[in-house]
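In case it helps, the UniProt record's numbering puts the sequence shown at residues 1 to 175. Since the structure comes first, as structure tokens, the remarks are kept for the end.
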Amino acid sequence: MSGLRFLLVQILRFGLYVGVHVLLISRLVLFDLGWCFFYLGFLLFLPIGTPIVVQLLLSFGLGLTVDIFYDTGGLHAAAAVLLGFLRPWVLRLLTPRDGYDSADSVNVHQMGWQWFGVYLALLVMLHHAAFFLLELGSFRHLGLTMGKMLVSALFTSLALLIVQLLFFPVRRGRN
Numbered sequence: 001m002s003g004l005r006f007l008l009v010q011i012l013r014f015g016l017y018v019g020v021h022v023l024l025i026s027r028l029v030l031f032d033l034g035w036c037f038f039y040l041g042f043l044l045f046l047p048i049g050t051p052i053v054v055q056l057l058l059s060f061g062l063g064l065t066v067d068i069f070y071d072t073g074g075l076h077a078a079a080a081v082l083l084g085f086l087r088p089w090v091l092r093l094l095t096p097r098d099g100y101d102s103a104d105s106v107n108v109h110q111m112g113w114q115w116f117g118v119y120l121a122l123l124v125m126l127h128h129a130a131f132f133l134l135e136l137g138s139f140r141h142l143g144l145t146m147g148k149m150l151v152s153a154l155f156t157s158l159a160l161l162i163v164q165l166l167f168f169p170v171r172r173g174r175n
């Protein structure tokens with residue numbers, strides 16, 4: 001029954017992240033330069049033990065869902081699949097000395113500020129680079145695109161950090 005419960009929780013999280021992004025967050029723009037890709041929280045905060053095939057399928061489904069709402073022709077799907085592909089590599093790169101517990105999830109309180117900051121910054125910046133470079137289609141206005149990447153990455157990272165601090169448990173239960 002725990003597998004069914006896990007599946008239901010993930011479906012609820014998917015709907016919540018997409019719903020909040022589409023209905024609220026997508027309307028927030030910083031100086032016509034920065035957008036918050038709030039829906040990335042669903043992928044970034046998946047349990048660490050999630051198999052890569054599942055991550056890639058979820059990434060594609062999430063990106064395609066957002067693409068349908070914004071008529072962006074696969075931009076979100078492509079960038080989200082890249083994020084889903086790179087996430088295990090980044091997790092492996094940041095593996096603590098004792099390794100991860102099988103029940104661990106990405107959590108600033110459990111992993112620490114430094115680990116979480118590097119994890120979030122690296123993956124969000126890679127996603128945004130892919131998204132904005134695909135959107136641009138060339139290197140013609142690279143300066144403006146780099147500005148969009150940086151401001152949007154900071155905006156998205158700050159929003160996802162706030163979500164972590166407000167809604168994720170402070171510490172693991174002790175036995």
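Cβ atoms here follow ideal geometry from the backbone N, Cα and C, with glycine treated the same way.
Cut-off 8 Å between Cβ atoms - residues of its own chain near residue i, not counting five sequence neighbours on either side
i	result
residue 43	55, 58, 59, 62, 80, 83, 84 and 87
residue 9	none
Residue range of the alpha helix (DSSP H) that includes residue i
i	result
residue 67	52-70
residue 17	2-23
residue 95	Here residue 95 belongs to no alpha helix (DSSP H), and DSSP marks it neither H nor E.
residue 119	113-136
residue 143	142-167
residue 43	40-44
Per-residue burial, residue i [other beta carbons within 10 Å of its own, 16 or more giving buried]
i	result
residue 35	buried
residue 53	exposed
residue 124	buried
residue 170	exposed
residue 153	buried
residue 24	exposed
residue 127	buried
residue 139	exposed
residue 132	buried
residue 46	buried
residue 141	exposed
residue 146	exposed
Cutoff 6 Å; reference residue i; Cβ partners in own chain excluding five residues on either side
i	result
residue 37	156
residue 130	79 and 82
Member of the options whose CA lies at the smallest distance from the CA of residue i
i	options	result
residue 14	2, 3, 106 and 40	40
residue 167	16, 2, 6 and 92	16
residue 149	107, 66, 109 and 30	30
residue 32	151, 109, 100 and 160	151
residue 121	160, 99, 133 and 98	160
residue 49	89, 73 and 28	89
residue 72	135, 3 and 12	135
residue 165	113, 51 and 75	113
residue 158	74, 108 and 137	108
Beta-carbon proximity list for residue i, same chain, < 7 Å, skipping 5 on both sides
i	result
residue 94	115, 118 and 119
Residue i: CB within 7 Å of a non-hydrogen atom of the ligand SAM
i	result
residue 45	The model on display carries no ligand, and the ligand SAM is accordingly not part of it.
Rounded Cβ spacing between residue i and residue j (contact assumed at less than 8 Å)
i	j	result
residue 18	residue 66	7 Å
residue 22	residue 69	5 Å
Neighbour flag for residue i against chain D, beta carbons, 8 Å
i	result
residue 78	Of the chains in the structure shown, none is chain D; there is only one protein chain.
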